[in-house]
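Peer 1: Read top to bottom, the protein sequences are chains A and B.
Everything in the first sequence is counted per my numbering, starting at 1 for the first residue and increasing by one.
Everything in the second sequence is counted per my numbering, starting at 142 for the first residue and increasing by one.
Just so it is clear, CB atoms sit at the ideal spot from N, CA and C, and this is done for glycine as well.
In this text, all values refer to a predicted model and were calculated from it rather than measured experimentally.
Could you have a look at this structure, given as C-alpha cells, before my questions?
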Amino acid sequence: MLYQGEYIKKLIPQRDPIMMVDALVSVDGDVCETELAVMDNNFFIEDDQLLSEPGLIEHIAQSASAFAGYRCVVKGEPAPVGYIGEVKKFHCYRRPAIGDVLKTTVTMGAEVNGITIITGVTNVNGEVVADTQMKIFTADE
Amino acid sequence: MLLKDKYFKVQQENILTPLHGVYLIALLPDADVYRGHFPHKPVCPGVCNIETIRECAEMLTGKNLMIKTIKQCRLTAVATPEVCPLVDVTVMLTPNQDSSAYIIQASIADAETTYMELKGEFAINK
Numbered sequence: 001m002l003y004q005g006e007y008i009k010k011l012i013p014q015r016d017p018i019m020m021v022d023a024l025v026s027v028d029g030d031v032c033e034t035e036l037a038v039m040d041n042n043f044f045i046e047d048d049q050l051l052s053e054p055g056l057i058e059h060i061a062q063s064a065s066a067f068a069g070y071r072c073v074v075k076g077e078p079a080p081v082g083y084i085g086e087v088k089k090f091h092c093y094r095r096p097a098i099g100d101v102l103k104t105t106v107t108m109g110a111e112v113n114g115i116t117i118i119t120g121v122t123n124v125n126g127e128v129v130a131d132t133q134m135k136i137f138t139a140d141e
Numbered sequence: 142m143l144l145k146d147k148y149f150k151v152q153q154e155n156i157l158t159p160l161h162g163v164y165l166i167a168l169l170p171d172a173d174v175y176r177g178h179f180p181h182k183p184v185c186p187g188v189c190n191i192e193t194i195r196e197c198a199e200m201l202t203g204k205n206l207m208i209k210t211i212k213q214c215r216l217t218a219v220a221t222p223e224v225c226p227l228v229d230v231t232v233m234l235t236p237n238q239d240s241s242a243y244i245i246q247a248s249i250a251d252a253e254t255t256y257m258e259l260k261g262e263f264a265i266n267k
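Below is the structure:
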C-alpha cells in the first residue's frame with residue numbers, strides 16, 4: 001500500500017460522507033491500482049443493501065483523482081481538484097454488496113489543455129463489475 | 142431512493158407522455174454530501190446528478206431501473222445549489238427490443254445553461 005487511512009486525504013479533496021477510495025495500492029507508469037471496502041454506511045448504499053451505479057463511477061473518478069494527486073505530491077505540489085467532464089462507455093455488470101472490496105485499475109492518458117482521458121476497470125474477487133472511460137478536467141486554482 | 146428529498150426535491154412534474162417527463166427540482170443546499178464535496182465549497186457531484194436522472198426516470202416509469210450502460214454523459218457546466226437552485230430534469234425513454242431496458246436520453250438544465258446531457262440504457266427491475 002502506498003497511501004491509505006488518513007494519508008489518502010493528501011491525495012484527494014473529497015471528504016466524508018463521499019470519500020470513495022480507501023487506498024492507493026500501487027503506481028506503475030500510467031497505471032494505478034486502488035481499493036475500497038464497501039461498508040454499510042457508504043453514501044451510495046441503497047435500500048436493497050447494494051451499491052448504486054453512480055457510486056461505482058465516483059469510486060473510479062476518485063481513483064483517478066488519487067493517482068493525479070500522487071503525481072503532484074511526489075513533486076512537492078498540492079493535489080489538484082479534478083471534475084468529471086464526461087463519462088463514456090460506462091457499463092455496470094453487477095452492483096457490489098456490503099463487505100465487497102473493490103479493486104480498481106486506472107490507466108491515465110496524456111493531459112491536453114487541462115483535460116485527461118482515463119479508463120477504469122473495477123473488480124470484485126476477480127470479476128469485473130464495472131468499467132468506463134472518463135474525461136477529467138483539472139481546475140486552475 | 143437515495144437522493145430524493147435529501148439532495149433534491151421535486152417542485153413540479155410535467156408528464157408529457159408515459160415515457161417523457163420534465164421534473165422541476167430544487168437542489169437542496171443543506172444536503173449532507175456538501176460536507177465532503179467540497180469542504181467550504183459546495184459543488185454538485187456529477188454522479189449525484191446522474192443518480193437524480195435515474196430517480197426521475199424511476200418516478201416516470203414507476204419501475205426500479207439499473208444503470209446498465211452510459212453511452213455518453215457530458216457535464217457541460219459546474220452545477221452548485223447556489224448557481225442553479227432550480228433545474229429541469231428532462232427524461233425521454235424508448236423501450237429496447239425485448240423490453241428489458243429503456244434507451245434513455247436525459248438532461249439537467251435551467252433557462253440559461255445545460256449542466257448535464259446523458260445517453261444510455263437503464264435495465265428494468267434492478
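From the DSSP output, in three-state form, read off His59 (chain A) for me.
Peer 2: Working through the first sequence from its first residue, we reach residue 59 (chain A) at position 59. His59 (chain A): helix per DSSP, three-state reduction.
Peer 1: In chain order, what residues of the same chain lie with their CB nearer than 8 Å to the CB of Tyr3 (chain A), ignoring the 5 residues before and after it?
Peer 2: Taking the first residue of the first sequence as 1, we reach residue 3 (chain A) at position 3. Lys10, Leu11, Ala23, Leu24, Ala66, Tyr70.
Peer 1: Mind listing the chain B neighbours of Lys9 (chain A)? Cutoff is C-beta to C-beta under 9 Å, in chain order.
Peer 2: As a position in the first sequence, residue 9 (chain A) is number 9, starting the count at 1. Result: empty, since nearest Cβ-Cβ is about 11 Å, beyond 9 Å.
Peer 1: Can you list, in chain order, the residues of its chain whose CB lies under 6 Å from that of Arg215 (chain B), leaving out five sequence neighbours each side?
Peer 2: Residue mapping note: residue 215 (chain B) aligns to position 74 of the second sequence, counting from 1. Within the same chain, Arg215 (chain B) has close Cβ partners Glu258.
Peer 1: Give the DSSP-derived three-state secondary structure of Phe137 (chain A) in the structure shown.
Peer 2: The count along the first sequence starts at 1 and reaches residue 137 (chain A) at position 137. Three-state result, Phe137 (chain A): strand.
Peer 1: Less than 7 Å between CB atoms is the rule here; does Arg94 (chain A) satisfy it with respect to chain B?
Peer 2: Here the question's residue 94 (chain A) lines up with position 94 in the first sequence. No, its Cβ sits nowhere closer than 7 Å to a Cβ of chain B.
Peer 1: What is the rounded straight-line gap between the Cα of His178 (chain B) and the Cα of Thr254 (chain B)?
Peer 2: What you label residue 178 (chain B) is simply residue 37 of the second sequence in a count that begins at 1. What you label residue 254 (chain B) is simply residue 113 of the second sequence in a count that begins at 1. Cα-Cα distance, rounded: 22 Å.
Peer 1: Buried or exposed: Arg15 (chain A), going by 16 or more other Cβ atoms within 10 Å of its Cβ?
Peer 2: Taking the first sequence and counting its residues from 1, the one referred to as residue 15 (chain A) is at position 15. Per the 10 Å Cβ criterion, exposed.
Peer 1: Could I get the ranges of all uninterrupted beta strand (DSSP E) runs contained in the region 210-267 of chain B, with 3 residues as the minimum, in chain order?
Peer 2: Segments of the beta strand (DSSP E) lying fully in the region 210-267 of chain B: 227-236, 242-250, 255-265.
Peer 1: Tell me the residue span of the beta strand (DSSP E) that contains Ala23 (chain A).
Peer 2: By one-based count along the first sequence, residue 23 (chain A) stands at place 23. 23-28 is the extent of the beta strand (DSSP E) around Ala23 (chain A).
Peer 1: Closer than 8 Å between beta carbons: that is the criterion. Which residues of the region 210-237 of chain B meet it against chain A?
Peer 2: The region 210-237 of chain B vs chain A, Cβ under 8 Å: Thr210, Ile211, Lys212, Gln213, Cys214, Arg215, Leu216, Val219.
Peer 1: Closest by CA to Asp46 (chain A), which one among B:Thr235, B:Met207, B:Leu169, B:Pro180?
Peer 2: Mapped onto the first sequence, residue 46 (chain A) falls at position 46. At residue 46 (chain A) the sequence reads Glu, which differs from the Asp that was named. Closest option to Glu46 (chain A), Cα to Cα, is B:Met207.
Peer 1: Could you give the residue range of the beta strand (DSSP E) that holds Ile115 (chain A)?
Peer 2: Sequence index remark: in the first sequence, residue 115 (chain A) carries index 115 (1-based). Ile115 (chain A) -> beta strand (DSSP E) spans 115-124.
Peer 1: Would you list the residues sitting across from Met108 (chain A) in a DSSP beta bridge?
Peer 2: Here residue 108 (chain A) refers to the residue found at position 108 when the first sequence is read from its first residue. According to DSSP, Met108 (chain A) bridges with A:Ile118.
Peer 1: For Ser26 (chain A), which residues of its own chain have a beta-carbon under 6 Å away from its beta-carbon, when the five flanking residues on both sides are left out?
Peer 2: Stepping through the first sequence from its first residue, residue 26 (chain A) is reached at position 26. Result list for Ser26 (chain A): Glu33, in chain order.
Peer 1: Between which two residues does the beta strand (DSSP E) containing Ala37 (chain A) stretch?
Peer 2: Here residue 37 (chain A) refers to the residue found at position 37 of the first sequence. Segment 31-37, the beta strand (DSSP E) holding Ala37 (chain A).
Peer 1: Of the residues A:Gly5, A:Thr107, A:Asn42, which one's Cα is nearest the Cα of Lys151 (chain A)?
Peer 2: The displayed coordinates of chain A run from 1 to 141. Any statement about residue 151 (chain A) would go beyond what the structure contains.
Peer 1: Select from A:Thr138, A:Asp40, A:Val73 the residue whose C-alpha is nearest the C-alpha of Ile118 (chain A).
Peer 2: As a working note, residue 118 (chain A) is residue 118 in the first sequence. Comparing Cα positions, the closest option is A:Thr138.
Peer 1: Between the alpha carbons of Glu196 (chain B) and Gly29 (chain A), how many angstroms are there, rounded?
Peer 2: Position 55 of the second sequence, counted from the start, is the residue given in the question as residue 196 (chain B). Position 29 of the first sequence, counted from the start, is the residue given in the question as residue 29 (chain A). When rounded, the distance between both Cα atoms is 39 Å.
Peer 1: Which same chain residues, not among the five before or five after Leu201 (chain B), have their C-beta less than 6 Å away from its C-beta?
Peer 2: Residue mapping note: residue 201 (chain B) aligns to position 60 of the second sequence, counting from 1. Hits under 6 Å: Gly162, Val232.
Peer 1: Quick check: is the beta carbon of Gly203 (chain B) nearer than 7 Å to any beta carbon in chain A?
Peer 2: Taking the first residue of the second sequence as 1, we reach residue 203 (chain B) at position 62. Gly203 (chain B) does not count as touching chain A.
Peer 1: In terms of residues, what are the limits of the alpha helix (DSSP H) holding Asn190 (chain B)?
Peer 2: Start at 1 with the first residue of the second sequence, and residue 190 (chain B) comes out as number 49. It spans 187-202 - the alpha helix (DSSP H) in which Asn190 (chain B) sits, taken as one unbroken run.
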